[in-house]
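Residue numbers (this note's numbering): 3 to 233. Idealized CB from N, CA, C, for every residue including glycine.
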């Protein structure tokens, strides 16, 4: 996998705390926005243990993920996939085929559930730290550990766009030249076109759009829907 690079702001904030509290993997690039003025959240460890990675609290095993069609033909297969030992084969097949990033057999391809969960949890935690949602670095690390524990133990899960998109730039350093997306720009206090959709990834699955009773507006909404769900 590409080398994980830490955001300078987050790295500097962590300098006074013995971090890697929840694992050996490095932090991602946090999103640069104006910090929140409200007091941040204090996060306590409930599902995870301080200083221990949730990934080290469970047993793991290697499997072959495989999906066949009604004709008995294999439509997906990935060998040597690392998953929690208590996960079902259905969960293994779904996560491997739908949510692992990268082309099969490529160097970029994710091969472990811990890679997938780390990518998402690390990015969200770093965003929260830089945007002032937490009291400090320790709370952000606790949040990271709690989020990893929730996901790896199947207590909860994100919707598909989160698994598809979050962390591809922040953790893996990938970029996209697509300019068809828009995002809130805090410095200008407005919505603006962005030139890299991986930096501001789409993480929502549901949108409500108004529509008028006319063929023109039906076609407008169809085009808007296509762009919304491009990623």
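- Within a 10 Å sphere around the beta-carbon of residue 129 sit 16 or more other beta-carbons, which makes this residue buried.
- Here the alpha carbons of residue 50 and residue 110 stand approximately 29 Å from one another.
- By the C-beta density criterion, residue 210 is exposed, having fewer than 16 other C-beta atoms within 10 angstroms.
- Closest in alpha carbon position to residue 212, among 205, 206 and 220, is 220.
- Nearest to residue 143 by alpha-carbon distance, out of 156, 120 and 159, is 120.
- Taken in chain order, the complete alpha helix (DSSP H) segments of 4 residues or longer contained in the stretch 115-189 are 115-132, 139-154 and 162-167.
- Rounded to whole angstroms, the Cβ separation of residue 205 and residue 168 is 6 Å, and the two are in contact under 8 Å.
- It is roughly 45 Å from the alpha-carbon of residue 190 to the alpha-carbon of residue 78.
- In the same chain as residue 145, and ignoring 5 residues on each side of it, the C-beta atoms closer than 6 Å to its own belong to 45 and 127, in chain order.
- According to the DSSP assignment, residue 95 belongs to the alpha helix (DSSP H) that extends over 91-96.
- Under DSSP, residue 74 takes part in no beta bridge, so it has no partner.
- When C-beta atoms of the stretch 88-98 are compared with those of the stretch 63-73, three or more pairs fall below 8 Å, so the two segments count as touching.
- Contact between residue 85 and residue 115 holds: their C-beta atoms lie close to 5 Å from each other, under 8 Å.
- Under the three-state reduction of DSSP, residue 191 is assigned to coil, being neither helix nor strand.
- Residue pairing for residue 80: DSSP places it in a beta bridge opposite 67.
- Our two residues, residue 53 and residue 215, have alpha carbons roughly 58 Å apart in a direct line.
- The beta carbons of residue 103 and residue 171 sit no closer together than 9 Å.
- In the DSSP assignment, residue 227 falls within the unbroken alpha helix (DSSP H) covering 217-230.
- Among the bridge pairs identified by DSSP, residue 86 is matched with 62.
- For the pair residue 162 and residue 100, the CB atoms are nearer than the 9 Å cut-off.
- For the pair residue 230 and residue 135, the CB atoms are not nearer than the 9 Å cut-off.
- Closest by C-alpha distance to residue 48, out of 227, 150, 41 and 226, is 150.
- Listed as beta-bridge partners of residue 196 by DSSP are 183.
- Pairing residue 80 with residue 67 gives a Cβ-Cβ distance under 9 Å.
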